[in-house]
Amino acid sequence: MATGKISKRTVDSLLPGTNESFLWDTDLKGFGAKITRSGSVSYVIQFRMGGREAKTRRYTIGSHGSPWTPTTARAEAERLLVLISQGIDPVDAEKQRRREAVDLAFSNYADRFTSSCKRAGWHRLVERSIRLYLKPSFGMKPITAITKIDVVSVLDQLPAEQVANRRNVFAVMRRLFRWAVSRGDLDRSPTEGIETPPPVKPRERWLRDRELRSIWEQSPSCHPCFGPIVRLLIATGQRRGEVSGMHWQELDREERMWTLPGSRAKNGKSNSIPLNGLAIDELDRVAGSDNWPRSGRVFATSTGRAYTGYAKGKIELDGLIEQELGEPLHPWRLHDLRRTLATNFQRLGVRFEVTEAVLNHVGTSRAGVAGIYQRHDWKDEKRAALDAWNDHLLGVLGDGRQ
Numbered sequence: 520m521a522t523g524k525i526s527k528r529t530v531d532s533l534l535p536g537t538n539e540s541f542l543w544d545t546d547l548k549g550f551g552a553k554i555t556r557s558g559s560v561s562y563v564i565q566f567r568m569g570g571r572e573a574k575t576r577r578y579t580i581g582s583h584g585s586p587w588t589p590t591t592a593r594a595e596a597e598r599l600l601v602l603i604s605q606g607i608d609p610v611d612a613e614k615q616r617r618r619e620a621v622d623l624a625f626s627n628y629a630d631r632f633t634s635s636c637k638r639a640g641w642h643r644l645v646e647r648s649i650r651l652y653l654k655p656s657f658g659m660k661p662i663t664a665i666t667k668i669d670v671v672s673v674l675d676q677l678p679a680e681q682v683a684n685r686r687n688v689f690a691v692m693r694r695l696f697r698w699a700v701s702r703g704d705l706d707r708s709p710t711e712g713i714e715t716p717p718p719v720k721p722r723e724r725w726l727r728d729r730e731l732r733s734i735w736e737q738s739p740s741c742h743p744c745f746g747p748i749v750r751l752l753i754a755t756g757q758r759r760g761e762v763s764g765m766h767w768q769e770l771d772r773e774e775r776m777w778t779l780p781g782s783r784a785k786n787g788k789s790n791s792i793p794l795n796g797l798a799i800d801e802l803d804r805v806a807g808s809d810n811w812p813r814s815g816r817v818f819a820t821s822t823g824r825a826y827t828g829y830a831k832g833k834i835e836l837d838g839l840i841e842q843e844l845g846e847p848l849h850p851w852r853l854h855d856l857r858r859t860l861a862t863n864f865q866r867l868g869v870r871f872e873v874t875e876a877v878l879n880h881v882g883t884s885r886a887g888v889a890g891i892y893q894r895h896d897w898k899d900e901k902r903a904a905l906d907a908w909n910d911h912l913l914g915v916l917g918d919g920r921q
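Heads up, the sequence shown is in our numbering, so the first residue is 520 and it goes up one at a time.
Here it is as structure tokens:
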């Protein structure tokens, strides 16, 4: 076994042989240089974990050349030998280091978590929160190194007025770190003990009959996608994303039925929405006749993509209404149209269970044991309720319904 001081001179003088050979340092026990038959040189340490009875093992520090020179390799060997004396296996430590640098790096780990989120609405929220807020803050930091202070820092960077956003981002972080705990990648979640941001104060805004009339009358003057979407929101009470993402294959004019697949529903549950007369008329106008296409987006832009210009459309619609009335409507949102239908259902005497069925809302009447064992689809009741709403709207709109 060749021994000698490992230096630039001795390393440069190493000559390849028929087999790989070693030069063991005389000053630092266990530190050596290995030369292969091809002439490449690398630095190694040789050690035992557990005393003389344990098997001898070798760990490769790296190949000769930048950054590993005799001097830097010796310093690394000294560090590793200290770890070994403390009972830390450098092979296992290096595996863990590489795992933290790649597999457990937040950016990579978050992508895997996002892929595990199958429900469409939740998947979109997770992807958005991670892309906009978490990756910029955590980057490639190992999830094992993320602390409670790091989590609080993310929340502190969000504007205080973004109440819903703060709550959503925290929910994503909490679920992500719980997922990591369930997989054995974390012992404890850094979100433990952090108070959940307060919920958004429920909105109470709903549109009065005269306001609905103005919205209905002015919406056709907006974007050719936005106007019909608004009218269908009024007529059906469904969610904005579900209406704007409607496909012709979901619609049956003969049966007067819209079958919303679970993959497009916010809560992941499919829903059958009877189409009342106003909804049918609006879809006829979009199709150009009562012969509806068999497939494709109902609301496609000139490029064939989904319509997304809600903010611009809402500003235009509010401007038209202000011109008509001489004053703006009290601030309102498109989602308030959904609350408006629910409120008017109550005025029309519609049962609460039917209202929840129309809105595809999993509330008290469709949750828990009732949700498991109660399988009535309320189809007839939903049709009667939406037809009653249609009659009410006709009375409100009068000649303005066209």
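Even glycine gets a Cβ: it sits at the ideal position worked out from N, Cα and C. These numbers were taken from a predicted model, which means no experiment stands behind them.
- Exclusion of the five residues before and after S559 leaves S582 as the residues of its chain whose Cβ lies within less than 7 Å of its Cβ.
- Every alpha helix (DSSP H) stretch that sits fully inside the segment 786 to 823 and reaches 4 residues is listed by chain position as 796 to 806.
- Residue range P589 to S604 is occupied by the alpha helix (DSSP H) that includes L602.
- Judged by DSSP in its simplified three-state form, V682 adopts helix.
- The shortest C-alpha to C-alpha distance from T588 to any of K660, Q681, D837 and Y562 is the one to Y562.
- F625 has its alpha-carbon roughly 40 Å from the corresponding atom of C744.
- In this chain, the alpha helix (DSSP H) harbouring I748 covers F745 to T755.
- Beta-bridge pairing by DSSP links K553 to F541 and S561.
- In the DSSP assignment, T579 falls within the unbroken beta strand (DSSP E) covering T575 to S582.
- Under the three-pair Cβ rule at 8 Å, the segment 753 to 764 counts as touching the segment 782 to 796.
- Per DSSP, reduced to three states, the secondary structure at T827 is coil, with no helix or strand assignment.
- With 16 or more other CB atoms across the displayed protein chains lying within 10 angstroms of its CB, K901 is buried.
- By the CB criterion at 9 Å, I564 and I580 fall inside the cutoff.
- Per DSSP, the unbroken beta strand (DSSP E) holding T522 starts and ends at A521 to G523.
- Burial state of I607 is exposed, judged by a 10 Å Cβ sphere holding fewer than 16 other Cβ atoms.
- By the Cβ-count criterion, E680 is exposed, with fewer than 16 other Cβ atoms from all chains shown falling within 10 Å of its own Cβ.
- About 6 Å separates the Cβ atoms of W908 and N863, confirming a contact at the 8 Å cut-off.
- Cα atoms of D910 and S701: separation of roughly 53 Å, rounded to the nearest angstrom.
- For the 9 Å CB-CB criterion, V749 and S738 form a contact.
- The beta carbons of P535 and R556 sit closer together than 9 Å.
- By the CB criterion at 9 Å, G523 and T545 fall inside the cutoff.
- F871 counts as exposed, since fewer than 16 other C-beta atoms from the protein chains shown sit within 10 angstroms of its C-beta.
- The C-alpha of R727 is placed about 35 Å away from the C-alpha of P812.
- Residue burial annotation: S733 is buried, with at least 16 other C-beta atoms found within 10 angstroms of its C-beta.
- Counting along the chain, the unbroken beta strand (DSSP E) around T778 starts and ends at M776 to L779.
- Three or more Cβ pairs closer than 8 Å define a contact, and the segment 634 to 650 falls short of that threshold against the segment 666 to 676.
- A straight-line Cα-Cα distance of about 58 Å links I665 and N810.
- Scanning P850, R576, Q842 and W777 for the CA closest to the CA of R722 turns up P850.
- In the three-state scheme derived from DSSP, where H, G and I count as helix and E and B as strand, P721 is classed as coil.
- In the three-state reduction of the DSSP assignment, H766 falls in the strand class.
- Around the beta carbon of T822, a 10 Å sphere encloses fewer than 16 other beta carbons of the protein chains shown; the residue is thus reported as exposed.
- When the alpha-carbon of A592 is set against those of D630, V530, E646 and A573, the nearest one is in V530.
- With respect to the 9 Å criterion, N786 and N687 are not classified as neighbours on the basis of their beta carbons.
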